[in-house]
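Reading through the structure tokens given below for one structure.
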RNA sequence: GCCUGGGUAGCUCAGUCGGUAGAGCAACGCAUUCGUAAUGCGUAGGUCAGGAGUUCGAAUCUCCUCCCAGGCUCCA
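Numbering (this note's numbering), first residue to last: 109 to 768.
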């Protein structure tokens, strides 16, 4: 009777009766697994537990505490939410409801153009709990194209999906249907049926550890020109603990939000008088920024860069020549028209200025490569809804440089450049990277095929020799050149796109930039754009979040605070400060007119790396009490020289008190 | 730009049915002189984002504008 055999993930084989389902397999393996099972993976494809197993299949039972299991239960939870919404708003249209990272969403259009409010989330959640309590089965059915259209005739978005799958499916739509020819649906009750490829959990009772997070607007098909739907985001997990852990993690992330820390640590602010995306840096943020910029400058000097400067405003002619006005006018601040009829623009980038510097006189191949660096402040008219803290602003300073070189020099330049980039990022404490290479777009691209191929190969070779993971973004380059970008993972595992290195085959051509080569003829230079921080503001934001505000000592605005135990220790505290200041350490003294505990507390909240406390013993023996950030165990009787040496070493090494 | 929510003291927030503004922290003053995360008392601080409207009366209701948050779109 055992006429069906399947293979389990551990390579073992198992015999089952003909027509056995995934669920039968789970039962045969063990009661516990059968109880846990949510779905199955058959030959790499996720299916319902009730689906019959083909002979010889590789089968894995999917349980809740796995990525695939969570995906299934998140998707099922989205269906439950859709049902809840249709119960509460009869006639609501539902569009798409996939599982996403940490949860799910579903897009709706409510009758009469109604909108969800935040209060509705609680109502919907309550209704969802009822549905979970009702232990409704997820029942799969398959229909023909025509039957599908009939079934969903009251659901215009579903009709559109069915039709578009018929006429050439997108990834997104395929997720909704079994295949172009079969319309699969899942129903929970006679009243609720959804178009879906599946799989789903066996019953709504298997769900329950979810929370609706927020309501948002989202365009149908992600298209700005199409109707805006009401999207509800939720998070869903396999257990109460997992849900709570996720919510706690969100709180932790919020605590290290650079906007919050920027306020708490008095680094910068966004005065509403200035408008969206325009920041001012306070003294402490200004110090942090200065340290970053000074370090970057000194490294660029070592790497053979020349320092240039360019104005913030220019006649329109420059951006007409560069072509930016043709394709980027929307992203620029509108022109200022002056008396003579000239239009002047704020610069949204520095590149054309640097090309003009290159062109200021005739160039010889002997001068190349020329590397021009500028902390260039640019202004971009970001949409008001797009600005975000320091990471997406309307005015920012790029650590921008352009390298003009010959084609022969290109490979060496790219190699040393990538090394430089990674070194610099490591100096700021980021060390978990991967690279992304965006290659030639199919349709339209300037530059010769060989140039592209050579640039791409070089970038790839350099990336590989750096020993880093390389993700290909085929066809993702700009039309004017390939790009490599460095993605960095921060302390809590988020990735940020940081540095970009971009080849440009176009701008030198538009500006007719050239150099005289050994053959005594004019040749076109290759231009490399690159920014290591991206923008100083954004890089600072990423570092603040990476360190949760506990900046390494060299970057801390105040490195040491000296506190006398009583006010008769204040003059010794001042002496200590003066000694350290002579070595360039940023030290402040807070006079003893408040209890020591209160002053220590304040300094701790300000995340100052070292709090130095001096009292009778220290005055008598020329010593210090050192309270390091991150430690609850202050040291007593440290000599000034010892502390000074330690501190200077830590600053030079870009280390932190926590690292000791 | 679009959707939802929000804007009350420097900060975090409370403010009921529309009846004339509150707390904690911070600041300032005085006292306290203290050895590692909050000393006590007191004082001052407000065009309730801005404007218009409804009302005898508006932080509270309506409309407009600005700014913020989370999304969507966008990010050369």
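Just so you know, even glycine gets a beta-carbon here, dropped at the ideal spot from N, CA and C. Owing to the predicted nature of the structure, the values given are computational and were not obtained by experimental measurement.
So residue i is in the alpha helix (DSSP H); what residue range does that whole segment cover?
i           : result
residue 617 : 615-618
residue 196 : 175-196
residue 524 : 515-535
residue 429 : 424-430
residue 463 : 459-467
residue 167 : First-last for residue 167: 167-170, but that is the beta strand (DSSP E), not the alpha helix (DSSP H).
residue 350 : 348-363
residue 226 : 226-241
residue 294 : Run containing residue 294: none in the alpha helix (DSSP H); it sits in the beta strand (DSSP E), 291-297.
residue 563 : 557-573
residue 670 : Taken as a continuous stretch (DSSP letters only), residue 670 belongs to no alpha helix (DSSP H), being part of the beta strand (DSSP E) at 668-672.
residue 112 : Careful: residue 112 lies outside any alpha helix (DSSP H), inside the beta strand (DSSP E) at 112-115.
For residue i, which residues of its own chain have a beta-carbon under 7 Å away from its beta-carbon, when the five flanking residues on both sides are left out?
i           : result
residue 540 : 596 and 597
residue 109 : Because residue 109 sits at a pLDDT of 49, beneath the cut-off of 50, its placement in the model cannot be relied upon, and the point is left open.
residue 257 : 267 and 270
residue 693 : 667, 668 and 755
residue 746 : 731, 732 and 734
residue 117 : 168
residue 473 : 514, 623, 624, 625 and 626
residue 152 : none
residue 637 : 459, 510, 610 and 612
Within a Cβ cutoff of 8 Å, which residues of the same chain sit near residue i, ignoring the five residues on either side of it in sequence?
i           : result
residue 178 : 172, 207, 344, 345 and 346
residue 315 : 181, 184, 185, 188, 240, 309 and 344
residue 450 : 423 and 424
Terminal residues of the continuous beta strand (DSSP E) containing residue i?
i           : result
residue 591 : 591-597
residue 695 : 695-698
residue 319 : 317-327
residue 148 : 147-150
residue 708 : Element bounds for residue 708: not the beta strand (DSSP E) but the alpha helix (DSSP H), 704-713.
residue 579 : 578-581
residue 603 : 603-612
residue 451 : 451-454
residue 641 : 634-643
residue 215 : 211-217
residue 344 : 336-345
residue 247 : 247-251
Suppose the cutoff is 6 Å on Cβ atoms and the five residues either side in sequence are ignored; what does the same chain contact list for residue i look like?
i           : result
residue 760 : none
residue 128 : 112 and 161
residue 155 : 148 and 307
residue 311 : 243 and 245
residue 603 : 595 and 597
residue 392 : 374, 375 and 665
residue 203 : 215, 265 and 337
Would you report the Cα separation of residue i and residue j, rounded to the nearest angstrom?
i           : j           : result
residue 215 : residue 188 : 13 Å
residue 553 : residue 432 : 16 Å
residue 621 : residue 507 : 23 Å
residue 584 : residue 639 : 19 Å
residue 577 : residue 571 : 8 Å
residue 656 : residue 361 : 9 Å
residue 764 : residue 755 : 9 Å
residue 726 : residue 377 : 40 Å
residue 364 : residue 235 : 35 Å
residue 647 : residue 135 : 54 Å
residue 425 : residue 198 : 58 Å
residue 722 : residue 477 : 55 Å
residue 514 : residue 475 : 10 Å
residue 501 : residue 384 : 8 Å
residue 382 : residue 388 : 9 Å
residue 512 : residue 441 : 29 Å
residue 410 : residue 555 : 31 Å
residue 699 : residue 397 : 28 Å
residue 517 : residue 532 : 22 Å
residue 454 : residue 421 : 4 Å
residue 225 : residue 605 : 34 Å
residue 429 : residue 461 : 11 Å
Is it the case that the CB of residue i approaches a heavy atom of the ligand SAH more closely than 8 Å?
i           : result
residue 586 : Of ligands this structure carries none, so the ligand SAH is not represented either.
- prompt: When the Cβ atoms of the stretch 541-551 are set against those of the stretch 663-675, are three or more pairs found closer than 8 Å?
  reply: no
Segment contact, 8 Å Cβ cut-off, at least three pairs: the stretch 387-406 with the stretch 675-688: no
Can you give, in chain order, each stretch of the beta strand (DSSP E) that sits fully within the stretch 473-515 and has at least 3 residues?
List check, beta strand (DSSP E) in window: 478-487 and 503-513.
Any contact between the stretch 487-504 and the stretch 526-538? By contact I mean 3 or more CB pairs, one from each, below 8 Å. No, the stretch 487-504 is not in contact with the stretch 526-538.
Open item on the list: If contact is defined by three or more beta carbon pairs under 8 Å, each pair taking one atom from either stretch, is the stretch 350-361 in contact with the stretch 613-630?
Closed with: no
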